[in-house]
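Asker: First the structure, which I've put down as C-alpha coordinates, then a few questions once you've had a look.
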Amino acid sequence: MAGIPGIMHIYHPKRTLPLFVYTPNNKSTSPTPNILLFIGGMWDALTATPYVTTLANYLSSSSSSSSSASPKWTVIHPLLSSSARQFGISSLDEDVEEIASAISYIRSTPALGTPASRIVLMGHSTGCQDVLHYITAPTAHNNRASRPLIQGAILQAPVSDRDSILNAIAKGAAERDAADECNRIAAATPAGEHSATLLPFHATRPFFRTVPVLISRWLSLASPSSPDQPADDDKFSFDLPPAVLARTFGQLAGPPLQPLPHPSSASLLVLMSGADECVAPGVDQAVLLARWKGVVDEASGSAELNPASGLVAGAKHNLAGDLFAQRWARQVDLPERVMTYLDEVVAGRSSDANGVAGRGVGKEAWELWRREKEALEREKEREDVAAAAAGLKL
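Residue numbering for the sequence shown follows this note's numbering, beginning at 582 and increasing consecutively.
Take a look at the structure:
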(Lines of atoms letter the chains of each structure in order from A and count residues from 1; the text may use other names and numbers.)
(Lines give C-alpha, C1' and ligand atoms only; values in the text may rest on other atoms or scores of the structure.)
Protein backbone atom coordinates (compact mmCIF):
# COMPACT_ATOMS: atom_id res chain seq x y z
CA MET A 1 0.00 0.00 0.00
CA ALA A 2 1.27 3.46 -0.87
CA GLY A 3 1.66 6.04 1.85
CA ILE A 4 -1.38 8.12 2.77
CA PRO A 5 -0.69 11.85 3.19
CA GLY A 6 -2.03 13.35 6.37
CA ILE A 7 -1.37 15.08 9.66
CA MET A 8 -1.60 13.51 13.11
CA HIS A 9 -2.93 15.38 16.13
CA ILE A 10 -3.30 14.26 19.75
CA TYR A 11 -6.85 15.21 20.68
CA HIS A 12 -6.93 13.53 24.11
CA PRO A 13 -3.56 14.16 25.84
CA LYS A 14 -4.43 12.23 29.00
CA ARG A 15 -5.06 9.02 27.02
CA THR A 16 -2.66 9.93 24.17
CA LEU A 17 -5.40 9.40 21.60
CA PRO A 18 -4.58 10.55 18.05
CA LEU A 19 -6.70 11.70 15.17
CA PHE A 20 -5.55 11.50 11.56
CA VAL A 21 -6.36 14.33 9.16
CA TYR A 22 -6.41 13.13 5.54
CA THR A 23 -4.66 15.61 3.21
CA PRO A 24 -4.39 13.74 -0.13
CA ASN A 25 -4.56 16.82 -2.37
CA ASN A 26 -4.66 19.70 0.04
CA LYS A 27 -1.52 21.70 0.71
CA SER A 28 -3.45 24.53 2.32
CA THR A 29 -3.08 25.13 6.03
CA SER A 30 -6.49 26.79 6.26
CA PRO A 31 -9.28 24.77 7.89
CA THR A 32 -12.20 23.67 5.73
CA PRO A 33 -15.71 24.69 6.80
CA ASN A 34 -16.94 21.09 6.95
CA ILE A 35 -15.60 17.92 8.60
CA LEU A 36 -16.48 14.29 7.89
CA LEU A 37 -15.50 12.52 11.12
CA PHE A 38 -15.08 8.78 10.54
CA ILE A 39 -15.52 6.26 13.37
CA GLY A 40 -14.26 2.74 12.65
CA GLY A 41 -15.54 -0.57 13.93
CA MET A 42 -14.18 -3.36 16.10
CA TRP A 43 -10.67 -4.47 15.05
CA ASP A 44 -10.27 -1.31 12.95
CA ALA A 45 -7.29 1.02 13.13
CA LEU A 46 -6.18 3.60 10.57
CA THR A 47 -6.57 2.59 6.88
CA ALA A 48 -8.58 -0.55 7.78
CA THR A 49 -11.59 0.69 5.81
CA PRO A 50 -10.51 1.39 2.21
CA TYR A 51 -13.34 3.69 1.14
CA VAL A 52 -12.27 6.35 3.65
CA THR A 53 -9.24 7.19 1.50
CA THR A 54 -11.50 7.29 -1.58
CA LEU A 55 -13.83 9.79 0.09
CA ALA A 56 -10.87 11.89 1.24
CA ASN A 57 -9.53 12.00 -2.32
CA TYR A 58 -12.87 13.18 -3.72
CA LEU A 59 -13.67 15.69 -1.01
CA SER A 60 -10.26 17.38 -1.08
CA SER A 61 -9.93 17.37 -4.87
CA SER A 62 -10.58 21.07 -5.42
CA SER A 63 -7.10 22.11 -4.32
CA SER A 64 -5.47 19.96 -7.00
CA SER A 65 -7.33 21.65 -9.86
CA SER A 66 -6.61 24.91 -11.61
CA SER A 67 -9.67 26.39 -9.95
CA SER A 68 -9.27 28.98 -7.24
CA ALA A 69 -11.79 27.10 -5.13
CA SER A 70 -10.53 25.71 -1.85
CA PRO A 71 -11.55 22.32 -0.42
CA LYS A 72 -14.89 22.37 1.35
CA TRP A 73 -14.45 19.18 3.36
CA THR A 74 -11.78 17.45 5.42
CA VAL A 75 -11.95 13.77 6.39
CA ILE A 76 -10.67 13.06 9.91
CA HIS A 77 -10.36 9.67 11.63
CA PRO A 78 -9.95 9.71 15.43
CA LEU A 79 -8.69 6.58 17.14
CA LEU A 80 -10.57 5.67 20.32
CA SER A 81 -9.52 3.68 23.36
CA SER A 82 -11.60 0.85 21.86
CA SER A 83 -9.88 0.93 18.44
CA ALA A 84 -8.15 -2.11 16.94
CA ARG A 85 -8.01 -4.93 19.53
CA GLN A 86 -9.11 -2.91 22.57
CA PHE A 87 -12.88 -3.03 22.06
CA GLY A 88 -13.36 -5.76 24.65
CA ILE A 89 -12.19 -3.56 27.51
CA SER A 90 -14.14 -0.46 26.53
CA SER A 91 -17.78 0.58 26.06
CA LEU A 92 -20.02 2.71 23.89
CA ASP A 93 -20.26 5.26 26.71
CA GLU A 94 -16.48 5.67 26.70
CA ASP A 95 -16.47 5.91 22.90
CA VAL A 96 -19.07 8.69 23.02
CA GLU A 97 -17.03 10.67 25.55
CA GLU A 98 -13.96 10.42 23.33
CA ILE A 99 -15.86 11.34 20.17
CA ALA A 100 -17.13 14.43 21.98
CA SER A 101 -13.53 15.25 22.94
CA ALA A 102 -12.42 14.87 19.32
CA ILE A 103 -15.16 17.22 18.08
CA SER A 104 -14.32 19.81 20.73
CA TYR A 105 -10.63 19.58 19.82
CA ILE A 106 -11.35 20.07 16.11
CA ARG A 107 -13.52 23.13 16.67
CA SER A 108 -10.99 24.70 19.05
CA THR A 109 -7.87 24.05 16.95
CA PRO A 110 -7.35 26.78 14.32
CA ALA A 111 -5.53 24.45 11.93
CA LEU A 112 -8.56 22.13 11.83
CA GLY A 113 -11.74 24.09 12.38
CA THR A 114 -13.63 26.87 14.08
CA PRO A 115 -16.49 26.95 16.59
CA ALA A 116 -18.82 27.13 13.57
CA SER A 117 -17.37 24.09 11.77
CA ARG A 118 -20.07 21.79 10.43
CA ILE A 119 -19.43 18.16 11.37
CA VAL A 120 -20.97 14.96 10.05
CA LEU A 121 -20.31 11.71 11.93
CA MET A 122 -19.83 8.60 9.79
CA GLY A 123 -19.64 5.22 11.50
CA HIS A 124 -18.61 1.87 10.04
CA SER A 125 -19.78 -1.43 11.59
CA THR A 126 -19.55 -1.02 15.39
CA GLY A 127 -18.82 2.63 14.67
CA CYS A 128 -22.50 2.80 13.68
CA GLN A 129 -23.40 1.86 17.25
CA ASP A 130 -21.15 4.70 18.43
CA VAL A 131 -22.86 7.21 16.13
CA LEU A 132 -26.38 6.18 17.15
CA HIS A 133 -25.33 6.12 20.82
CA TYR A 134 -23.87 9.62 20.47
CA ILE A 135 -27.14 10.92 19.05
CA THR A 136 -29.66 9.16 21.28
CA ALA A 137 -28.24 7.79 24.55
CA PRO A 138 -27.32 9.50 27.82
CA THR A 139 -24.11 8.38 29.51
CA ALA A 140 -22.93 8.48 33.10
CA HIS A 141 -21.15 11.79 32.46
CA ASN A 142 -23.52 13.72 30.22
CA ASN A 143 -26.85 13.72 28.46
CA ARG A 144 -27.25 13.96 24.72
CA ALA A 145 -28.18 17.65 24.76
CA SER A 146 -24.86 18.63 26.37
CA ARG A 147 -22.68 17.02 23.69
CA PRO A 148 -21.01 18.98 20.89
CA LEU A 149 -23.52 19.45 18.09
CA ILE A 150 -23.22 17.64 14.77
CA GLN A 151 -25.04 18.46 11.55
CA GLY A 152 -25.40 14.99 10.07
CA ALA A 153 -24.89 11.28 10.71
CA ILE A 154 -24.11 8.31 8.48
CA LEU A 155 -24.31 4.60 9.34
CA GLN A 156 -22.31 2.36 6.97
CA ALA A 157 -22.65 -1.42 7.37
CA PRO A 158 -24.70 -1.42 10.59
CA VAL A 159 -24.80 -5.09 11.60
CA SER A 160 -25.79 -6.90 14.77
CA ASP A 161 -23.00 -8.45 16.84
CA ARG A 162 -25.67 -10.30 18.80
CA ASP A 163 -27.08 -11.86 15.61
CA SER A 164 -23.55 -12.99 14.68
CA ILE A 165 -22.98 -14.50 18.12
CA LEU A 166 -26.33 -16.31 18.01
CA ASN A 167 -25.49 -17.62 14.54
CA ALA A 168 -22.17 -18.99 15.81
CA ILE A 169 -23.93 -20.62 18.78
CA ALA A 170 -26.48 -22.25 16.47
CA LYS A 171 -23.74 -23.76 14.30
CA GLY A 172 -21.55 -25.38 16.96
CA ALA A 173 -21.69 -27.01 20.38
CA ALA A 174 -18.33 -25.50 21.35
CA GLU A 175 -19.64 -22.00 20.70
CA ARG A 176 -22.82 -22.72 22.65
CA ASP A 177 -20.83 -24.03 25.62
CA ALA A 178 -18.52 -21.01 25.50
CA ALA A 179 -21.43 -18.56 25.51
CA ASP A 180 -23.09 -20.44 28.36
CA GLU A 181 -19.88 -20.20 30.38
CA CYS A 182 -19.61 -16.47 29.76
CA ASN A 183 -23.20 -15.99 30.91
CA ARG A 184 -22.69 -18.18 34.00
CA ILE A 185 -19.63 -16.20 35.04
CA ALA A 186 -21.50 -12.94 34.48
CA ALA A 187 -24.43 -14.12 36.59
CA ALA A 188 -22.11 -15.18 39.42
CA THR A 189 -20.19 -11.89 39.45
CA PRO A 190 -21.59 -8.83 41.28
CA ALA A 191 -22.82 -6.25 38.78
CA GLY A 192 -20.48 -3.63 40.20
CA GLU A 193 -17.50 -5.76 39.18
CA HIS A 194 -18.57 -6.43 35.57
CA SER A 195 -16.55 -3.53 34.16
CA ALA A 196 -13.38 -4.68 35.93
CA THR A 197 -13.56 -8.46 35.40
CA LEU A 198 -12.16 -10.20 32.33
CA LEU A 199 -13.75 -13.37 31.03
CA PRO A 200 -11.40 -16.33 30.43
CA PHE A 201 -9.82 -16.43 26.97
CA HIS A 202 -11.01 -19.97 26.27
CA ALA A 203 -14.63 -18.82 26.68
CA THR A 204 -14.41 -15.70 24.50
CA ARG A 205 -11.99 -17.08 21.88
CA PRO A 206 -14.74 -18.62 19.67
CA PHE A 207 -16.22 -15.15 19.18
CA PHE A 208 -13.35 -12.66 19.60
CA ARG A 209 -10.19 -14.75 19.16
CA THR A 210 -7.51 -13.51 21.61
CA VAL A 211 -9.03 -10.10 22.35
CA PRO A 212 -9.52 -9.58 26.11
CA VAL A 213 -13.22 -9.10 26.92
CA LEU A 214 -14.73 -7.69 30.09
CA ILE A 215 -17.98 -9.12 31.42
CA SER A 216 -19.63 -5.75 30.79
CA ARG A 217 -18.69 -5.73 27.09
CA TRP A 218 -19.73 -9.35 26.63
CA LEU A 219 -23.15 -8.58 28.08
CA SER A 220 -23.41 -5.52 25.85
CA LEU A 221 -22.47 -7.35 22.63
CA ALA A 222 -24.20 -10.68 23.30
CA SER A 223 -27.13 -8.96 25.05
CA PRO A 224 -28.80 -12.01 26.67
CA SER A 225 -31.72 -9.78 27.74
CA SER A 226 -32.68 -8.99 24.13
CA PRO A 227 -34.94 -8.44 22.32
CA ASP A 228 -37.15 -6.74 24.92
CA GLN A 229 -34.35 -5.23 27.03
CA PRO A 230 -31.35 -4.90 24.71
CA ALA A 231 -27.97 -3.85 26.02
CA ASP A 232 -26.18 -0.78 24.64
CA ASP A 233 -24.50 -2.53 21.70
CA ASP A 234 -27.64 -4.30 20.50
CA LYS A 235 -29.10 -1.63 18.25
CA PHE A 236 -29.45 -3.45 14.90
CA SER A 237 -30.69 -6.99 15.62
CA PHE A 238 -33.39 -8.29 13.32
CA ASP A 239 -35.81 -9.22 16.12
CA LEU A 240 -35.90 -5.90 17.98
CA PRO A 241 -39.55 -4.79 18.30
CA PRO A 242 -40.76 -1.32 17.28
CA ALA A 243 -41.05 -0.20 20.91
CA VAL A 244 -37.33 -0.86 21.39
CA LEU A 245 -36.33 0.73 18.08
CA ALA A 246 -38.29 3.81 19.11
CA ARG A 247 -35.65 4.40 21.81
CA THR A 248 -32.93 4.73 19.16
CA PHE A 249 -34.21 5.40 15.64
CA GLY A 250 -37.20 7.17 17.13
CA GLN A 251 -35.00 9.67 19.00
CA LEU A 252 -33.06 11.32 16.17
CA ALA A 253 -34.66 14.75 16.47
CA GLY A 254 -33.07 17.28 18.78
CA PRO A 255 -29.53 17.85 20.04
CA PRO A 256 -26.85 16.73 19.46
CA LEU A 257 -28.04 16.09 15.86
CA GLN A 258 -28.68 19.71 14.98
CA PRO A 259 -29.36 20.33 11.28
CA LEU A 260 -28.84 23.64 9.57
CA PRO A 261 -31.95 25.79 8.91
CA HIS A 262 -32.34 24.20 5.48
CA PRO A 263 -33.19 21.37 5.71
CA SER A 264 -34.81 21.72 9.09
CA SER A 265 -35.17 17.97 9.70
CA ALA A 266 -32.48 15.86 11.32
CA SER A 267 -31.36 13.47 8.60
CA LEU A 268 -29.73 10.05 9.01
CA LEU A 269 -28.09 8.27 6.06
CA VAL A 270 -27.97 4.47 6.31
CA LEU A 271 -25.81 2.57 3.81
CA MET A 272 -25.91 -1.21 4.06
CA SER A 273 -23.39 -3.37 2.22
CA GLY A 274 -25.30 -5.47 -0.29
CA ALA A 275 -22.91 -8.45 -0.09
CA ASP A 276 -22.01 -8.08 3.59
CA GLU A 277 -20.28 -11.22 4.83
CA CYS A 278 -20.90 -10.13 8.44
CA VAL A 279 -24.69 -10.18 8.18
CA ALA A 280 -26.15 -13.25 9.87
CA PRO A 281 -28.01 -15.76 7.67
CA GLY A 282 -31.73 -15.10 7.46
CA VAL A 283 -31.42 -11.34 7.98
CA ASP A 284 -33.11 -9.40 5.18
CA GLN A 285 -31.39 -6.03 5.15
CA ALA A 286 -34.04 -4.41 2.95
CA VAL A 287 -36.73 -5.39 5.47
CA LEU A 288 -34.58 -4.11 8.32
CA LEU A 289 -34.01 -0.77 6.61
CA ALA A 290 -37.74 -0.37 5.90
CA ARG A 291 -38.47 -1.15 9.56
CA TRP A 292 -36.06 1.54 10.75
CA LYS A 293 -37.53 4.05 8.32
CA GLY A 294 -41.00 3.31 9.63
CA VAL A 295 -39.88 4.01 13.18
CA VAL A 296 -38.21 7.28 12.18
CA ASP A 297 -41.28 8.40 10.23
CA GLU A 298 -43.69 7.58 13.05
CA ALA A 299 -41.62 9.24 15.76
CA SER A 300 -41.43 12.80 14.51
CA GLY A 301 -41.83 15.01 11.51
CA SER A 302 -38.52 16.69 12.35
CA ALA A 303 -36.35 13.67 11.50
CA GLU A 304 -35.91 11.51 8.43
CA LEU A 305 -34.08 8.52 7.05
CA ASN A 306 -32.35 10.19 4.11
CA PRO A 307 -33.63 9.16 0.65
CA ALA A 308 -30.08 8.22 -0.43
CA SER A 309 -30.16 5.39 2.13
CA GLY A 310 -30.15 1.85 0.82
CA LEU A 311 -28.13 -1.24 -0.05
CA VAL A 312 -24.83 -0.64 -1.84
CA ALA A 313 -24.92 -3.44 -4.42
CA GLY A 314 -21.96 -5.80 -4.47
CA ALA A 315 -20.32 -4.24 -1.42
CA LYS A 316 -18.56 -6.33 1.18
CA HIS A 317 -18.70 -5.29 4.84
CA ASN A 318 -15.95 -2.66 4.54
CA LEU A 319 -16.16 -2.31 0.73
CA ALA A 320 -12.82 -4.04 0.15
CA GLY A 321 -12.14 -6.23 -2.87
CA ASP A 322 -10.82 -6.10 -6.43
CA LEU A 323 -13.81 -7.49 -8.34
CA PHE A 324 -15.53 -4.98 -10.59
CA ALA A 325 -18.72 -4.89 -8.49
CA GLN A 326 -16.67 -4.29 -5.34
CA ARG A 327 -14.66 -1.48 -6.90
CA TRP A 328 -17.82 0.10 -8.32
CA ALA A 329 -19.37 0.03 -4.85
CA ARG A 330 -16.28 1.61 -3.30
CA GLN A 331 -15.42 4.19 -5.96
CA VAL A 332 -18.83 5.10 -7.40
CA ASP A 333 -21.96 3.99 -5.53
CA LEU A 334 -21.06 4.74 -1.91
CA PRO A 335 -19.26 8.05 -2.66
CA GLU A 336 -22.21 9.24 -4.76
CA ARG A 337 -24.63 8.59 -1.91
CA VAL A 338 -22.37 10.16 0.70
CA MET A 339 -21.62 13.29 -1.36
CA THR A 340 -25.28 13.70 -2.29
CA TYR A 341 -26.14 13.52 1.41
CA LEU A 342 -23.44 16.04 2.33
CA ASP A 343 -24.74 18.39 -0.36
CA GLU A 344 -28.32 18.12 0.90
CA VAL A 345 -27.72 18.20 4.64
CA VAL A 346 -24.92 20.74 4.87
CA ALA A 347 -25.45 22.85 1.75
CA GLY A 348 -29.24 22.76 2.01
CA ARG A 349 -29.82 21.79 -1.58
CA SER A 350 -30.30 18.75 -3.76
CA SER A 351 -27.51 17.62 -6.06
CA ASP A 352 -27.81 15.67 -9.28
CA ALA A 353 -24.06 14.98 -9.47
CA ASN A 354 -23.67 17.73 -12.07
CA GLY A 355 -21.33 19.73 -9.88
CA VAL A 356 -23.58 22.68 -9.15
CA ALA A 357 -21.60 25.23 -7.16
CA GLY A 358 -22.63 25.75 -3.55
CA ARG A 359 -21.65 25.09 0.02
CA GLY A 360 -21.67 21.33 -0.47
CA VAL A 361 -18.83 19.09 -1.60
CA GLY A 362 -17.98 21.32 -4.56
CA LYS A 363 -17.85 21.00 -8.32
CA GLU A 364 -14.32 19.58 -8.31
CA ALA A 365 -15.31 16.64 -6.09
CA TRP A 366 -18.13 15.70 -8.45
CA GLU A 367 -15.84 16.05 -11.47
CA LEU A 368 -13.31 13.62 -9.99
CA TRP A 369 -16.11 11.21 -9.06
CA ARG A 370 -17.46 11.40 -12.60
CA ARG A 371 -14.02 10.69 -14.12
CA GLU A 372 -13.61 7.62 -11.90
CA LYS A 373 -17.09 6.42 -12.85
CA GLU A 374 -16.41 6.81 -16.57
CA ALA A 375 -13.05 5.04 -16.28
CA LEU A 376 -14.71 2.05 -14.62
CA GLU A 377 -17.46 2.02 -17.25
CA ARG A 378 -14.85 1.91 -20.03
CA GLU A 379 -13.02 -0.89 -18.25
CA LYS A 380 -16.24 -2.88 -17.96
CA GLU A 381 -16.96 -2.39 -21.66
CA ARG A 382 -13.51 -3.73 -22.58
CA GLU A 383 -14.00 -6.74 -20.31
CA ASP A 384 -17.41 -7.46 -21.83
CA VAL A 385 -16.01 -7.25 -25.37
CA ALA A 386 -13.14 -9.56 -24.47
CA ALA A 387 -15.51 -12.03 -22.81
CA ALA A 388 -17.79 -12.02 -25.86
CA ALA A 389 -14.82 -12.61 -28.16
CA ALA A 390 -13.64 -15.50 -26.02
CA GLY A 391 -17.13 -16.99 -26.16
CA LEU A 392 -17.17 -16.85 -29.95
CA LYS A 393 -13.85 -18.67 -30.12
CA LEU A 394 -15.32 -21.51 -28.08
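We put the CB at the ideal spot given by N, CA and C, even for glycine.
So, using beta-carbon positions, are Tyr592 and Ala697 closer together than 8 Å?
Answerer: In the sequence shown, residue 592 corresponds to position 11, counting from 1. In the sequence shown, residue 697 corresponds to position 116, counting from 1. Against a cut-off of 8 Å, the Cβ pair of Ala697 and Tyr592 comes out as no contact.
Asker: How would you label Ser706, buried or exposed, when you count the other beta carbons within 10 angstroms and need 16 or more for buried?
Answerer: To locate residue 706, count along the sequence shown from 1; it is residue 125. With 16 or more other Cβ atoms within 10 Å, it is buried.
Asker: Skipping 5 residues on each side, what residues in its chain have a beta carbon closer than 6 Å to that of Ala834?
Answerer: Counting from one through the sequence shown, the residue named residue 834 turns up at place 253. Cβ neighbours of Ala834 beyond the five flanking positions: Ala847, Ser881, Ser883, Ala884.
Asker: Return the first residue and the last residue of the alpha helix (DSSP H) that Gln866 is part of.
Answerer: Against the sequence shown, residue 866 aligns to sequence position 285. Under the DSSP assignment, Gln866 falls in the alpha helix (DSSP H) whose first and last residues are 866-880.
Asker: Cα-Cα, which of Ala738, Val794, Pro605 is closest to Gly584?
Answerer: Stepping through the sequence shown from its first residue, residue 584 is reached at position 3. With distances taken between Cα atoms, Gly584 lies closest to Pro605.
Asker: Does the stretch 807-818 come close enough to the stretch 736-743 that 3 or more CB-CB pairs lie under 8 Å?
Answerer: yes
Asker: Smallest Cα separation from Leu957: which of Ala749, Arg911, Val927?
Answerer: The residue given as residue 957 occupies position 376 in the sequence shown. Of the listed residues, the one whose Cα sits closest to Leu957 is Arg911.
Asker: What are the boundary residues of the beta strand (DSSP E) that Asn748 is part of?
Answerer: On the sequence shown, position 167 is the one that residue 748 refers to. Per DSSP, Asn748 belongs to no beta strand (DSSP E); it is in the alpha helix (DSSP H), 742-752.
Asker: Nearest to Leu949 by alpha carbon, out of Leu850, Pro586, Ser641, Leu598?
Answerer: By 1-based counting over the sequence shown, the position of residue 949 is 368. Selected option, being the one with the closest Cα: Ser641.
Asker: Which same chain residues, not among the five before or five after Ala861, have their C-beta less than 6 Å away from its C-beta?
Answerer: For the purposes of this step, residue 861 is taken as the residue at position 280 of the sequence shown. So the qualifying residues of the chain are Asp744, Ser745, Asn748.
Asker: Using C-beta distances below 6 Å, list every residue in its chain close to Pro729, excluding the 5 sequence neighbours before and after it, in chain order.
Answerer: By 1-based counting over the sequence shown, the position of residue 729 is 148. Excluding sequence neighbours, Pro729 sits near Ala681, Ile684, Ser685.
Asker: Let me confirm a value: Asn724 is counted as buried when at least 16 other C-beta atoms fall within 10 Å, else exposed. Which label applies?
Answerer: As a first step, residue 724 is located in the sequence shown; it is residue number 143 there, counting from the start. Exposed: under 16 other Cβ atoms inside 10 Å.
Asker: I'd like to confirm the pairing. Which residues does DSSP put opposite Arg699 in its beta bridges?
Answerer: Numbered from its first residue, the sequence shown carries residue 699 at position 118. According to DSSP, which records beta bridges pairwise, Arg699 is partnered with Asn615.
Asker: Output yes or no for whether 8 Å exceeds the beta carbon distance between Thr613 and Pro652.
Answerer: As a first step, residue 613 is located in the sequence shown; it is residue number 32 there, counting from the start. As a first step, residue 652 is located in the sequence shown; it is residue number 71 there, counting from the start. The answer is yes: Cβ separation under 8 Å.
Asker: Pull up the CB-CB distance for Leu693 and Leu713, whole angstroms please, since I reckon it's below 8 Å.
Answerer: In the sequence shown, the residue the question calls residue 693 occupies position 112. In the sequence shown, the residue the question calls residue 713 occupies position 132. Between Leu713 and Leu693 the Cβ distance is about 25 Å, and since that is not below 8 Å, they are no contact.
Asker: In terms of residue numbering, what span does the alpha helix (DSSP H) encompassing Ile680 cover?
Answerer: Here residue 680 refers to the residue found at position 99 of the sequence shown. Run containing Ile680: 673-689, per the alpha helix (DSSP H) assignment.
Asker: Which class does Pro916 belong to by DSSP, given the choice of helix, strand or coil?
Answerer: By 1-based counting over the sequence shown, the position of residue 916 is 335. Reduced to three states, the DSSP call for Pro916 is helix.
Asker: If you follow the alpha helix (DSSP H) that Thr655 is part of, which residue opens it and which one closes it?
Answerer: Taking the first residue of the sequence shown as position 1, residue 655 is located at position 74. First-last for Thr655: 654-659, but that is the beta strand (DSSP E), not the alpha helix (DSSP H).
Asker: Verify whether the separation of the beta carbon atoms of Gly733 and Val893 is less than 8 Å.
Answerer: Taking the sequence shown and counting its residues from 1, the one referred to as residue 733 is at position 152. Taking the sequence shown and counting its residues from 1, the one referred to as residue 893 is at position 312. Contact flag unset, no.
Asker: Can you tell me whether Pro659 is buried or exposed, with buried defined as 16 or more other CB within 10 angstroms of its CB?
Answerer: Working through the sequence shown from its first residue, we reach residue 659 at position 78. So Pro659 counts as buried.
Asker: Give the straight-line distance between the Cα atoms of Ser649 and Leu627, rounded to the nearest whole angstrom.
Answerer: Taking the first residue of the sequence shown as position 1, residue 649 is located at position 68. Taking the first residue of the sequence shown as position 1, residue 627 is located at position 46. Confidence is the limiting factor: at Ser649 the pLDDT is only 47, short of 50, which leaves the residue's position unreliable and the question unanswerable from this model.
Asker: So Gly708 is in the alpha helix (DSSP H); what residue range does that whole segment cover?
Answerer: Walking along the sequence shown from the start, residue 708 turns up at place 127. 707-717 is the extent of the alpha helix (DSSP H) around Gly708.
Asker: So, for Arg699: in the same chain, excluding its five sequence neighbours on each side, which residues have a beta-carbon less than 6 Å away from its beta-carbon?
Answerer: Walking along the sequence shown from the start, residue 699 turns up at place 118. Excluding sequence neighbours, Arg699 sits near Asn615, Gln732, Val927.
Asker: Where do the N-terminal and C-terminal ends of the beta strand (DSSP E) with Ile591 fall, by residue?
Answerer: Against the sequence shown, residue 591 aligns to sequence position 10. For Ile591, the enclosing beta strand (DSSP E) begins and ends at 587-593.
Asker: Distance check for Glu678 and Ser797, CA to CA, integer angstroms please.
Answerer: On the sequence shown, position 216 is the one that residue 797 refers to. On the sequence shown, position 97 is the one that residue 678 refers to. Rounded to the nearest angstrom, the two C-alpha atoms are 17 Å apart.
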